[in-house]
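Participant:
Numbering (our numbering), first residue to last: 95 to 730.
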């Protein structure tokens, strides 16, 4: 915790537990190891693990999962049983030890999402080292910064394409060795995955007790990973998370849901470099769930049909894309089928997860399910029990549509700094629009300015080599989230905006841009929008179109064009976007309304540095790119 002078508690509207107690919880003295973890469905009871080493060991011992980890190799699904995973983790850990890695050393992991990513990650922490994950889409200057700042002594790289992409950054790093997970020899000095495993096998033969000694020496308060935040502004900061941080979050979240052990199948498509998916992978291992890794975002629709998962995690954008795809298909159908679809969607928008719906509604929903909803379920494999959404705000209308269709979407909330989950909705407590009740052992209070403050055993150790940033991130014992929100009378947390994103007009009025952007993005024809207005007379917006939907609209309305730019110049399209903005303005106070806007011939992409790897918008970068256009909005 940051060492700060005590401050008055005045100005806080809500708190659940006193500060001294929260310090007690966050210090690691919450005795997680003395608690029992109960898998609600299978009846499995175990002492809750304290470290990631214990988490894997207890899972292998308890479930004997025949398909713990599964990913595509050569076009076929390759499976690792729990025993095979543990054996490979042992060999990786001992192989790294043979390469000179000692407890506390940093080892970078730059690889695609596969079973090998998780094995490599667990191998690193089992030898007492610290994992430094790097996004495969991370900008090269950021990769260079991370390798330099973390002082990583070695790196595991997933493929030739990734090696070629980061070659220059690697050349300037502290890394003394490079392991090729794919088995390709990038350079004569490259160590292949099989060679690393062979080193580990030989080390185990020479000293059979070394692995047990290494993992036994790992303690709950030891640093497990440094995750560099993707950074919507400035250089990334290295978030230090301990074994306790990650394991407590996995245990506490797992206790809230029903899992069926190896009978359950989860599909993972989010990058494991991100703490959300990484913790979820640990949760799946803890509960004995089979994990399948999607080949890529592009292959996700096909993988959903192959794997037919029961559980998955997502960011809202994937759900938006899936629904937009369904809408695009429907727009080309005869008028009466379009009418049935619109009726079914309007019915879904009435869905309330917390209320017993009238019998008339239930009967209508049965018909809507047979005529419309079943096709949406089928696109997700037909077996989804629940989907957990995080990383960004989920549109309530979208949550209602998926829930009504029989695929319960549960929105949660957290930060990299909180390992990450702070709150999440449950199957039996799902308040759409909220981010759910707090998870066990985590507490929140709301500052006088509306900022959400949090503490618990999941809160980070601090920012790596950055004591000033660490100190600035705390208010006494409470971590500042930077988010604005409130807790309702039933204990559900609502997040309304990012504190730094709030706009203040030159007239002194505050505008929450994310709420307005969410209204705009409800339109099928808008991919993303960014609201401008800080220290300005009025609010304006930059709109990035959904090109697939727009081109479908042009085809339907016989609009002829030769380029995207020409399409946007068509008066029918201008009128279309004006209607969307006018409809949005109906829901806003007069000072929030969009007075001017521009529809742009472009896209927001990670590669252009407009989005983070987790698809959060880099507002400053977008505004800088279109600075001249924005200034034009406000000229007399």
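Using N, Cα and C, we set each Cβ at its ideal position, and we do this for glycine too.
This one's a predicted model, so the numbers in the text were calculated from it and none came from an experiment.
Could you tell me how far apart the beta carbons of residue 195 and residue 223 are, in whole angstroms, since I believe they sit closer than 8 Å?
Facilitator: With a Cβ gap of about 5 Å, residue 195 and residue 223 count as contacting.
Participant: Short of 8 Å in beta carbon distance, which residues of its chain neighbour residue 201, apart from the five on each side in sequence? Order them along the chain.
Facilitator: Contacts found: 190, 195, 218, 223, 224, 225, 226, 246, 247, 248, 249, 250.
Participant: Residues bridged to residue 574 by DSSP?
Facilitator: Per DSSP, 547.
Participant: Quick check on the DSSP output: what are the complete alpha helix (DSSP H) runs of length 4 or more inside the region 173-197, in order along the chain?
Facilitator: If we require 4 residues or more, the alpha helix (DSSP H) runs fully inside the region 173-197 come out as 176-192.
Participant: Rounded to the nearest angstrom, what separates residue 121 and residue 536 at their Cα positions?
Facilitator: At residue 121, the pLDDT of 30 sits below 50, so the modelled position is not reliable; the number obtained from the coordinates is stated separately. The alpha-carbon atoms of residue 121 and residue 536 are separated by roughly 13 Å.
Participant: How about the region 653-661 and the region 564-576: do they share at least three Cβ pairs that are nearer than 8 Å?
Facilitator: No, the region 653-661 is not in contact with the region 564-576.
Participant: Can you find the residues in the same chain that come closer than 6 Å, C-beta to C-beta, to residue 372, ignoring five residues on each side of it along the sequence?
Facilitator: So the list reads 366, once near-sequence residues are dropped.
Participant: Taking the alpha-carbon of residue 719 as reference, which of 214, 697, 728 has the nearest alpha-carbon?
Facilitator: Considering only alpha carbons, the answer is 697.
Participant: Among 548, 491, 185, 500, which has the Cα closest to the Cα of residue 516?
Facilitator: Residue 548 is the option with its Cα nearest to residue 516.
Participant: State buried or exposed for residue 266, treating a residue as buried only when at least 16 other CB atoms are found within 10 Å of its CB.
Facilitator: Counting Cβ neighbours within 10 Å, residue 266 comes out exposed, since fewer than 16 surround it.
Participant: Spatial neighbours of residue 260 within its chain, please: CB distance less than 7 Å, with the 5 preceding and 5 following residues excluded, ordered by chain position.
Facilitator: Taken in chain order, the residues that qualify are 204, 234, 237.
Participant: Kindly list the residues whose CB is nearer than 6 Å to the CB of residue 48, restricted to its own chain and excluding five residues on each side of it in sequence; keep chain order.
Facilitator: No answer is possible for residue 48: it lies beyond the span of the chain, which begins at 95 and ends at 730.
Participant: Which same chain residues end up closer than 6 Å to residue 123 when comparing Cβ atoms and leaving out the 5 residues on each side of it in sequence?
Facilitator: Reliability fails at residue 123, whose pLDDT of 31 lies under 50, so the model's placement of it is uncertain and the value that follows must be treated cautiously. Nothing listed; no residue qualifies.
Participant: Is the beta carbon of residue 524 sitting closer than 8 Å to the one on residue 648?
Facilitator: Going by C-beta atoms, residue 524 is not nearer than 8 Å to residue 648.
Participant: Determine the direct distance from the alpha carbon of residue 542 to that of residue 112, and round the result to whole angstroms.
Facilitator: Bear in mind that a pLDDT of 37 at residue 112, under 50, signals an unreliable position, so the model cannot answer this.
Participant: I need the DSSP call for residue 326, collapsed to helix, strand or coil.
Facilitator: Annotation note: pLDDT 49 at residue 326 (below 50); position unreliable, no value reported.
Participant: According to DSSP, is residue 320 part of a helix, a strand, or is it coil?
Facilitator: The answer is strand: DSSP assigns residue 320 an E or B state.
Participant: Are the CB atoms of residue 333 and residue 511 nearer to each other than 8 Å?
Facilitator: Yes, the pair counts as a contact, with Cβ atoms nearer than the cut-off.
Participant: Would you kindly work out how many angstroms separate the C-alpha atoms of residue 672 and residue 620, rounded to a whole number?
Facilitator: C-alpha separation (whole angstroms): 12 Å.
Participant: Who are residue 434's beta bridge partners in DSSP?
Facilitator: Note: residue 434 sits in no beta bridge, so no partner.
Participant: Go to residue 726, then tell me how far its alpha helix (DSSP H) extends in each direction, as first and last residue.
Facilitator: 721-727 is the span of the alpha helix (DSSP H), which, as asked, contains residue 726.
Participant: If you reduce the DSSP assignment to three classes, tell me which class residue 125 lands in.
Facilitator: Low local confidence applies: a pLDDT of 37 at residue 125 is under 50, so the model's placement there is unreliable, and no value is given.
Participant: Starting from residue 454, follow its DSSP beta bridges and name the residues at the other end.
Facilitator: Beta-bridge pairing links residue 454 to no other residue.
Participant: Rounding to the nearest angstrom, what Cα-Cα distance links residue 243 and residue 596 in this structure?
Facilitator: Cα-Cα distance, rounded: 31 Å.
Participant: Check whether the Cβ atoms of residue 456 and residue 646 sit closer than 8 Å, and answer yes or no.
Facilitator: No, Cβ-Cβ distance for residue 456 and residue 646 is not below 8 Å.
Participant: Give the DSSP bridge partners of residue 165, in chain order.
Facilitator: 172, 387.
Participant: Could you check the C-alpha separation between residue 559 and residue 565 for me, to the nearest Å?
Facilitator: So the alpha carbons of these two residues sit roughly 12 Å apart.
Participant: Starting from residue 516, trace the beta strand (DSSP E) in both directions and tell me its first and last residue.
Facilitator: Per DSSP, residue 516 belongs to the beta strand (DSSP E) from 515-518.
Participant: Since residue 201 sits in a beta bridge, which residues does DSSP pair it with?
Facilitator: Beta-bridge pairing links residue 201 to 225, 248.
Participant: Going by the DSSP bridge assignment, what does residue 673 pair with across the sheet?
Facilitator: Answer is none; residue 673 lacks a bridge partner.
Participant: Based on Cα-Cα distance, which residue from 143, 624, 722 lies nearest to residue 312?
Facilitator: If we check each option's Cα against that of residue 312, 143 comes out closest.
Participant: Can you tell me whether residue 506 is helix, strand or coil according to DSSP?
Facilitator: Residue 506: strand per DSSP, three-state reduction.
Participant: Express the C-alpha separation of residue 329 and residue 705 in angstroms, rounding to a whole number.
Facilitator: Distance between the alpha carbons of residue 705 and residue 329: 15 Å.
Participant: Which residue's Cα is closest to the Cα of residue 340: 146, 404, 567?
Facilitator: Of the listed residues, the one whose Cα sits closest to residue 340 is 146.
Participant: Could you have a look at residue 239 and say whether DSSP puts it in helix, strand or coil?
Facilitator: Residue 239 falls in the helix class under three-state DSSP.
Participant: So, with DSSP's three-state summary, where would you put residue 466?
Facilitator: Note: residue 466 maps to helix in three-state DSSP.
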